[in-house]
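Let me begin by presenting the structure, written as structure tokens, before commenting on it.
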Amino acid sequence: MISFEHVTKLYGIVIGVNDISLELPPGAYGLLGPNGSGKSTLLNVLTGQLRPSRGEARLFGADAFCDIGPLERIGFCPSLDILPTDVTGLTWVKYMVQLQGYDEAEATRRAHDVLDRVELMDARDRGMAGYSRGMKQRIKLAQAIAHEPELLILDEPFSGLDPVARHQMTELLSDWIKEGKSVLMASHILHEVEAIADNFLLIYGGRLLASGATNEVYEMLDNVPRRIDLVSDDATQLAVLVQQQSIVDAVQFHEGGNGVSVLTRKPREVFQQLPHWLKDQQLSVREVSSSDDSLQALFETLMKIHRGQI
Amino acid sequence: MNPSRVMAVMAFEWRRSIASRRFVSWIFLIGFPVLIMVLTARIGASSQAGITPTSWALTIFTFVPGICCMLSLLLTAAPFLQAEIEGRTWIYMAIRPGVKTDMLYGKYLYAVSRTVITASIALLLCLLVSGQLGQVRLVVVMWLLIVLSSLAYAAVYVLIGVIAVQRALVMAVAYSAIEFGVSFIPAVVTQITIQYRLRSLLIQGMQWDSKESSALSGFMADANMFSTQPWWLHVGIMLGLIAGTLMVTTAILKRRELGSLKAD
Numbered sequence: 334m335i336s337f338e339h340v341t342k343l344y345g346i347v348i349g350v351n352d353i354s355l356e357l358p359p360g361a362y363g364l365l366g367p368n369g370s371g372k373s374t375l376l377n378v379l380t381g382q383l384r385p386s387r388g389e390a391r392l393f394g395a396d397a398f399c400d401i402g403p404l405e406r407i408g409f410c411p412s413l414d415i416l417p418t419d420v421t422g423l424t425w426v427k428y429m430v431q432l433q434g435y436d437e438a439e440a441t442r443r444a445h446d447v448l449d450r451v452e453l454m455d456a457r458d459r460g461m462a463g464y465s466r467g468m469k470q471r472i473k474l475a476q477a478i479a480h481e482p483e484l485l486i487l488d489e490p491f492s493g494l495d496p497v498a499r500h501q502m503t504e505l506l507s508d509w510i511k512e513g514k515s516v517l518m519a520s521h522i523l524h525e526v527e528a529i530a531d532n533f534l535l536i537y538g539g540r541l542l543a544s545g546a547t548n549e550v551y552e553m554l555d556n557v558p559r560r561i562d563l564v565s566d567d568a569t570q571l572a573v574l575v576q577q578q579s580i581v582d583a584v585q586f587h588e589g590g591n592g593v594s595v596l597t598r599k600p601r602e603v604f605q606q607l608p609h610w611l612k613d614q615q616l617s618v619r620e621v622s623s624s625d626d627s628l629q630a631l632f633e634t635l636m637k638i639h640r641g642q643i
Numbered sequence: 023m024n025p026s027r028v029m030a031v032m033a034f035e036w037r038r039s040i041a042s043r044r045f046v047s048w049i050f051l052i053g054f055p056v057l058i059m060v061l062t063a064r065i066g067a068s069s070q071a072g073i074t075p076t077s078w079a080l081t082i083f084t085f086v087p088g089i090c091c092m093l094s095l096l097l098t099a100a101p102f103l104q105a106e107i108e109g110r111t112w113i114y115m116a117i118r119p120g121v122k123t124d125m126l127y128g129k130y131l132y133a134v135s136r137t138v139i140t141a142s143i144a145l146l147l148c149l150l151v152s153g154q155l156g157q158v159r160l161v162v163v164m165w166l167l168i169v170l171s172s173l174a175y176a177a178v179y180v181l182i183g184v185i186a187v188q189r190a191l192v193m194a195v196a197y198s199a200i201e202f203g204v205s206f207i208p209a210v211v212t213q214i215t216i217q218y219r220l221r222s223l224l225i226q227g228m229q230w231d232s233k234e235s236s237a238l239s240g241f242m243a244d245a246n247m248f249s250t251q252p253w254w255l256h257v258g259i260m261l262g263l264i265a266g267t268l269m270v271t272t273a274i275l276k277r278r279e280l281g282s283l284k285a286d
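The listed protein sequences correspond, in order, to chains A and B. Each number in our numbering corresponds to the 1-based position in the first sequence with 333 added. Each number in our numbering corresponds to the 1-based position in the second sequence with 22 added.
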């Protein structure tokens with residue numbers, strides 16, 4: 334479905350994406366990366382908006398920049414919530430469907446169907462200037478799926494949504510995937526992607542750091558020292574306890590003395606065994622956290638692996 | 023190019039134009055040539071000689087198929103792409119197959135149709151003010167010149183619009199000023215301007231002979247200011263210019279990487 338061969342995109346001397354190679358069969362994929370990591374550039378190359386400076390990008394077997402044919406088979410939902418403000422939602426979606434090549438009657442029918450699907454029928458005759466962010470995200474999704482594309486590409490579809498709207502969007506996308514269609518979703522928030530896609534592409538600094546199923550990505554981190562913070566009223570006892578465990582590599586006291594940081598290559602096992610250790614020694618812990626769970630830390634760790642520092 | 027998509031783009035632009043009540047520019051574009059005619063009529067009324075029909079025709083030609091059409095197209099044709107890029111709505115077009123070209127021609131036709139309607143209303147009012155409405159030949163020639171002027175300047179402006187996307191309006195204004203200035207230079211260089219072709223068609227269409235034209239003013243008597251070649255040659259040259267310009271515009275638009283203008 335998607336094939337990148339050593340794709341590099343330069344903006345003058347600035348690197349947008351750097352030597353990316355990947356092969357994606359149909360499925361649901363999450364493109365994960367912090368802001369400015371090159372996600373939008375990658376999507377622009379994929380949708381033929383940018384020509385790779387080096388390498389070759391192919392979509393459905395055709396050159397993504399030169400061949401416009403595959404564009405018929407994709408729907409694209411951009412990240413910006415900017416829409417024409419002086420037209421109604423129905424007019425705009427119908428216009429987008431017409432641009433896809435459908436006649437007016439069919440475009441009108443499809444526009445009504447898709448607005449019903451994204452639950453915007455009641456607001457269809459209102460000017461889009463008065464739409465909330467959630468409504469804008471849904472109308473953007475509507476224009477992207479109205480022509481029933483094989484591949485739906487979404488750039489930060491959850492951006493600015495409140496919890497209810499996030500849930501609705503997740504439901505919509507999950508239903509879409511259940512229909513057997515493909516999705517490529519760019520986001521900088523791990524759990525958003527986890528809720529939709531089973532496979533990740535991790536991009537950072539324009540480089541593809543890792544790709545694979547959720548478990549595979551986490552397995553990559555299994556042998557990397559990770560930090561777990563424990564807050565306790567009896568930090569000294571806690572430090573003695575954890576340093577005796579073979580799966581703990583090092584222990585550090587917190588500056589305020591209210592807890593310890595545990596460094597381990599087996600964080601999952603530590604999380605599993607920690608309650609038993611505490612129970613045996615009659616110790617209590619008020620707070621357990623792992624900063625390494627954050628996406629930024631994940632990327633930084635992967636970057637270190639990539640550079641051979643770990 | 024898909025004709026139904028081109029028409030859809032044109033219809034959408036018209037719908038937006040009406041819905042957003044962009045009437046101020048319409049009132050200005052129609053009103054200012056009429057105001058000039060009113061002032062000219064006042065000056066004529068205060069002079070003994072009055073204003074000849076030829077002078078009226080030349081004034082109408084300058085302000086309606088000339089400046090009115092150019093200004094209308096500067097607002098609609100030149101920024102056709104800039105508006106989409108700056109409004110960040112371009113991506114919705116660009117990711118649909120073949121729509122770049124359809125959008126170009128749809129917006130081109132919208133700009134031309136809007137300009138022809140605007141200039142036609144201005145022409146009607148100018149003819150009323152000048153008392154020349156009964157001159158059928160003048161009405162027909164002026165209207166045809168409005169159509170030709172709109173088609174030609176719109177083609178040039180959309181070309182400027184894809185070459186200098188983010189400075190389209192400024193570049194188009196600069197081009198217009200230069201072209202208008204060059205068209206009044208009594209030398210061979212004036213022949214490359216659209217104004218030269220329009221002026222030649224006006225003189226032939228109105229069947230003004232050289233004696234009458236020489237009576238108009240000094241520069242019109244100069245052989246370089248207009249051509250006596252057959253009308254169809256001028257029309258052919260203009261249609262060739264329009265077709266050629268649109269083809270070049272299409273080729274540039276297809277190959278341009280507009281995604282980089284707003285990349286992260």
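Built from N, CA and C at the ideal position, the CB exists for glycine as well. This one's a predicted model, so the numbers in the text were calculated from it and none came from an experiment.
Closer than 8 Å to chain B by CB, isoleucine 638 of chain A: To locate residue 638 of chain A, count along the first sequence from 1; it is residue 305. Output row for isoleucine 638 of chain A: interface = no.
8 Å contact criterion, which methionine 228 of chain B and valine 158 of chain B should meet: CB distance rounded: Locating residue 228 of chain B in the second sequence gives position 206, counting from the first residue. Locating residue 158 of chain B in the second sequence gives position 136, counting from the first residue. Wrong, their Cβ atoms sit about 12 Å apart, outside the cutoff.
Contact with chain A by phenylalanine 34 of chain B, beta-carbon distance below 8 Å: For this step, residue 34 of chain B is matched to residue 12 along the second sequence. Yes, contact with chain A.
Continuous beta strand (DSSP E) assignments of at least 3 residues falling wholly in the region 344–428 of chain A: 347–357, 361–365, 387–392 and 407–410
Distance, glycine 422 of chain A Cα to glutamine 154 of chain B Cα: Taking the first residue of the second sequence as position 1, residue 154 of chain B is located at position 132. Taking the first residue of the first sequence as position 1, residue 422 of chain A is located at position 89. Distance between the alpha carbons of glutamine 154 of chain B and glycine 422 of chain A is about 48 Å.
Partner residues on chain A for asparagine 24 of chain B, Cβ-Cβ distance less than 7 Å: The sequence position of residue 24 of chain B within the second sequence is 2, counting from 1. In chain order: Gly434.
3-residue-minimum beta strand (DSSP E) runs that sit fully inside the region 491–553 of chain A, ordered along the chain: 515–520, 532–537 and 540–546
Residue-level contact to chain A via CB, tyrosine 114 of chain B, 8 Å cutoff: Locating residue 114 of chain B in the second sequence gives position 92, where the first residue counts as 1. True, the Cβ-Cβ gap to chain A drops below 8 Å.
Residues that glycine 592 of chain A bridges to, as DSSP identifies them: The sequence position of residue 592 of chain A within the first sequence is 259, counting from 1. Answer by DSSP bridge pairing, in chain order: A:Val564.
Pairwise C-alpha distance: glutamate 602 of chain A and tryptophan 425 of chain A: One-based indexing of the first sequence puts residue 425 of chain A at position 92. One-based indexing of the first sequence puts residue 602 of chain A at position 269. Rounded to whole angstroms, tryptophan 425 of chain A to glutamate 602 of chain A spans 53 Å at the Cα level.
Backbone secondary structure at aspartate 488 of chain A - three-state DSSP: Here residue 488 of chain A refers to the residue found at position 155 of the first sequence. In this structure, aspartate 488 of chain A counts as strand in the three-state DSSP scheme.
Contact set between alanine 30 of chain B and chain A, taken where Cβ atoms lie within less than 7 Å: As a position in the second sequence, residue 30 of chain B is number 8, starting the count at 1. Simply Tyr428, Gln431 and Leu432.
Classification of lysine 511 of chain A by the beta-carbon crowding that lies within 10 angstroms, buried from 16 upward: Counting from one through the first sequence, the residue named residue 511 of chain A turns up at place 178. Exposed, by the Cβ-count rule.
Sub-8 Å separation of tyrosine 132 of chain B and tryptophan 48 of chain B beta-carbons: Locating residue 132 of chain B in the second sequence gives position 110, counting from the first residue. Locating residue 48 of chain B in the second sequence gives position 26, counting from the first residue. It is not a contact, given that the beta carbons lie outside the stated cut-off.
Contact with chain B by leucine 383 of chain A, beta-carbon distance below 8 Å: Taking the first sequence and counting its residues from 1, one reaches residue 383 of chain A at position 50. Yes, contact with chain B.
Chain-ordered neighbours of glutamine 476 of chain A on chain B, where CB pairs are closer than 7 Å: Residue mapping note: residue 476 of chain A aligns to position 143 of the first sequence, counting from 1. Under the 7 Å cutoff, chain B gives Tyr114.
Min CB distance aspartate 396 of chain A to chain B below 8 Å: Start at 1 with the first residue of the first sequence, and residue 396 of chain A comes out as number 63. Not one chain B Cβ lies under 8 Å of aspartate 396 of chain A.
Residue-chain proximity (valine 121 of chain B, chain A), Cβ-Cβ < 8 Å: By one-based count along the second sequence, residue 121 of chain B stands at place 99. True, the Cβ-Cβ gap to chain A drops below 8 Å.
Under 8 Å from the C-beta of threonine 111 of chain B: neighbouring residues of chain A: To locate residue 111 of chain B, count along the second sequence from 1; it is residue 89. Per Cβ cutoff of 8 Å: Ile415, Leu416 and Pro417.
Nearest neighbour of proline 367 of chain A, chosen from A:Thr503, A:Gly590, A:His521 and A:Val430 [CA to CA]: Sequence index remark: in the first sequence, residue 367 of chain A carries index 34 (1-based). Selected option, being the one with the closest Cα: A:His521.
is_contact[leucine 280 of chain B, chain A] using C-beta, thresh 8 Å: The residue you call residue 280 of chain B lines up with position 258 of the second sequence. Chain A, which has a Cβ nearer than 8 Å to the Cβ of leucine 280 of chain B, makes this yes.
Collapsed DSSP secondary structure at lysine 342 of chain A in the structure displayed: Taking the first sequence and counting its residues from 1, the one referred to as residue 342 of chain A is at position 9. Here lysine 342 of chain A sits in strand by DSSP.
Assigned exposure category for glutamine 251 of chain B - 16 Cβ within 10 Å defines buried: Locating residue 251 of chain B in the second sequence gives position 229, counting from the first residue. Counting Cβ neighbours within 10 Å, glutamine 251 of chain B comes out exposed, since fewer than 16 surround it.
Minimum C-alpha distance to arginine 118 of chain B - residue among A:Pro403, A:Leu448, A:Ala440 and A:Val451: Mapped onto the second sequence, residue 118 of chain B falls at position 96. Measuring from the Cα of arginine 118 of chain B, the nearest candidate turns out to be A:Pro403.
8 Å Cβ cutoff, isoleucine 274 of chain B in contact with chain A: As a first step, residue 274 of chain B must be located in the second sequence, where it is residue number 252. Cβ-Cβ to chain A under 8 Å: no for isoleucine 274 of chain B.
Enclosing alpha helix (DSSP H) for valine 584 of chain A [first to last residue]: Locating residue 584 of chain A in the first sequence gives position 251, where the first residue counts as 1. No alpha helix (DSSP H) holds valine 584 of chain A; the beta strand (DSSP E) holding it covers 583–586.
Extent of the continuous beta strand (DSSP E) run through valine 621 of chain A: Against the first sequence, residue 621 of chain A aligns to sequence position 288. Unbroken beta strand (DSSP E) run through valine 621 of chain A: 620–622.
Neighbour flag for alanine 285 of chain B against chain A, beta carbons, 8 Å: Numbered from its first residue, the second sequence carries residue 285 of chain B at position 263. Residue placement at alanine 285 of chain B is flagged as unreliable, the pLDDT there being 39, under the threshold of 50; the coordinate-derived value follows with that caveat. Output row for alanine 285 of chain B: interface = yes.
Distance between beta carbons of leucine 542 of chain A and leucine 635 of chain A, contact taken as under 8 Å: Position 302 of the first sequence holds residue 635 of chain A. Position 209 of the first sequence holds residue 542 of chain A. The Cβ separation is near 4 Å, so the contact holds.
Nonlocal neighbours in the same chain, by C-beta distance under 7 Å from alanine 174 of chain B, ignoring five residues either side: Translated into positions along the second sequence, residue 174 of chain B becomes position 152. If we look at alanine 174 of chain B and ignore the five residues flanking it on each side, its Cβ neighbours are Ile216, Met260, Leu263 and Ile264.
Chain A within 8 Å of arginine 118 of chain B, Cβ atoms only: Numbered from 1 along the second sequence, position 96 holds the residue referred to as residue 118 of chain B. It does: the Cβ of arginine 118 of chain B has a partner Cβ on chain A nearer than 8 Å.
Neighbouring residues, chain B, relative to isoleucine 407 of chain A (Cβ below 9 Å): Taking the first residue of the first sequence as 1, we reach residue 407 of chain A at position 74. Under the 9 Å cutoff, chain B gives Ile117.
Cβ shell of alanine 285 of chain B (< 7 Å), same chain only, five flanking positions each side left out: Reading the second sequence from its first residue, position 263 is the one you call residue 285 of chain B. With a pLDDT of 39 at alanine 285 of chain B, under the threshold of 50, the modelled position of this residue cannot be trusted; read the value that follows with caution. Counting only Cβ-Cβ distances below 7 Å, and skipping sequence neighbours, we find nothing.
With 16 other Cβ atoms within 10 Å as the buried cut-off, status of proline 385 of chain A: On the first sequence, residue 385 of chain A is found 52 positions in, with the first residue counted as 1. Buried is the call here.
Minimum Cβ-Cβ distance from asparagine 38 of chain B to chain A less than 8 Å: Indexing the second sequence from 1 puts residue 38 of chain B at position 16. First, the residue type needs correcting, since residue 38 of chain B is arginine and not asparagine in the sequence shown. For arginine 38 of chain B, the answer is yes, since a Cβ of chain A falls inside 8 Å of its Cβ.
Proximity to leucine 224 of chain B [Cα-Cα], best of B:Ile113, B:Gly72, B:Val270 and B:Leu170: The count along the second sequence starts at 1 and reaches residue 224 of chain B at position 202. Of the candidates B:Ile113, B:Gly72, B:Val270 and B:Leu170, the one whose C-alpha sits nearest the C-alpha of leucine 224 of chain B is B:Leu170.
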